[in-house]
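With my numbering applied, the sequence shown closes on residue 191, and no number is skipped along the way.
Using N, Cα and C, we set each Cβ at its ideal position, and we do this for glycine too.
For clarity, every value in this text was computed on a predicted model and none was experimentally measured.
Below: one structure, written as structure tokens.
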Amino acid sequence: MADRTLNVVSICGSLRQGSYNAALARTLPQLAPEGLSLKPAPAWDQMPIYNFDIQNTTGFPATVTAWADAIRSADGVIIVSPEYNWSIPGGLKNAIDWVSRMKDVPFKDKPVAIQSCAGGVLGGARMQYHLRQSLTSVDALLFGRPEILVTFAAKKFDEKTLALTDQPTIDIVKQQLAGFETFIRRLNGRK
Ligand SMILES: Cc1cc2nc3c(=O)[nH]c(=O)nc-3n(C[C@H](O)[C@H](O)[C@H](O)COP(=O)(O)O)c2cc1C
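Below you can see the structure in the form of structure tokens.
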């Protein structure tokens with residue numbers, strides 16, 4: 001059915017209590033168009049560091065299969081992540097590495113949009129391009145524009161409540177989410 005609600009999972013790349021990326025991820029349901037329902041993917045923070053020997057002896061850990069199942073059953077994925085040392089935070093990359101080894105790779109043909117918040121002027125751009133590279137290796141279908149690069153994040157969120165207060169950021173996030181809905185529906189129409 002063309003107009004059913006699309007279920008999208010959000011994945012946050014930061015575990016920090018006061019994380020701006022987590023705050024942005026929490027805000028997404030309020031900014032999403034009517035046709036798009038958002039919920040967080042299961043946590044990835046208890047996944048062991050990828051090791052083929054674990055996969056080969058005890059199989060994929062339960063945390064990995066839960067994460068993979070949530071991605072597989074979603075219509076799309078939004079990754080909201082900081083940039084660590086010009087790249088993808090290790091824990092998030094580890095999670096992608098784990099599921100990339102599965103027979104039924106959950107990111108295959110999965111529409112994915114990316115957002116990042118950072119303390120500085122580049123807004124996590126380098127992380128986004130590394131993430132695009134890794135996700136292309138697992139056959140994800142990456143949403144292009146608009147990009148969401150929240151620069152100087154401390155100025156865009158309320159210091160106490162972490163509510164997103166910056167109107168231009170709110171506007172462009174809404175625009176991305178609306179574009180992402182159209183992108184997913186267009187891809188679904190081609191199946
Ligand atoms: C290990 C580490 C590496 C970082 N490297 C970068 C970086 O390469 N580029 C950048 O813009 N910010 C970098 N930062 C600063 C983050 O942008 C900033 O801490 C941001 O608030 C982290 O996201 P969060 O609030 O969601 O945890 C780094 C922070 C940490 C903890």
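Contact belief for residue i with residue j at Cβ below 8 Å, rounded distance in angstroms
i, j, result
"V150", "I78", "With 8 Å as the limit, V150 and I78 do not qualify as a contact, their Cβ atoms being about 14 Å apart."
"G76", "V112", "7 Å"
"A25", "S10", "5 Å"
"M127", "S87", "6 Å"
"K93", "S134", "7 Å"
"F157", "Y20", "6 Å"
"L177", "P40", "Between P40 and L177 the Cβ distance is about 15 Å, and since that is not below 8 Å, they are no contact."
"D69", "D109", "Not confirmed; about 16 Å, so no contact."
"S81", "S116", "6 Å"
"E83", "G124", "4 Å"
"L131", "I114", "6 Å"
"P42", "A22", "That pair is no contact at about 15 Å."
"G119", "A153", "6 Å"
"L15", "V173", "Actually they do not touch by this definition, with Cβ atoms about 22 Å apart."
Residue i CB to nearest heavy atom of ligand 1 below 7 Å
i, result
"G124", "yes"
"P82", "yes"
"N56", "no"
"G120", "yes"
"R26", "no"
"W86", "yes"
"N21", "yes"
"S137", "no"
"S14", "yes"
"A68", "no"
"A43", "no"
"A153", "yes"
Paired residues, beta bridge with residue i - DSSP
i, result
"I78", "S10 and A113"
"L36", "L6"
"V150", "C117"
"F157", "L164"
"L141", "P111"
"Y84", "S87"
Any C-beta of chain B under 8 Å from that of residue i
i, result
"W67", "No chain B appears in the structure shown, which is made up of a single protein chain."
Is it the case that the region 36-55 contacts the region 142-149, given that we only count it when at least three CB pairs across the two stretches are under 8 Å?
no
Quick one: any contact between the region 93-110 and the region 154-166, if contact means 3 or more CB pairs under 8 Å?
no
3 or more residues per run - each beta strand (DSSP E) lying fully within the region 34-73
36-40
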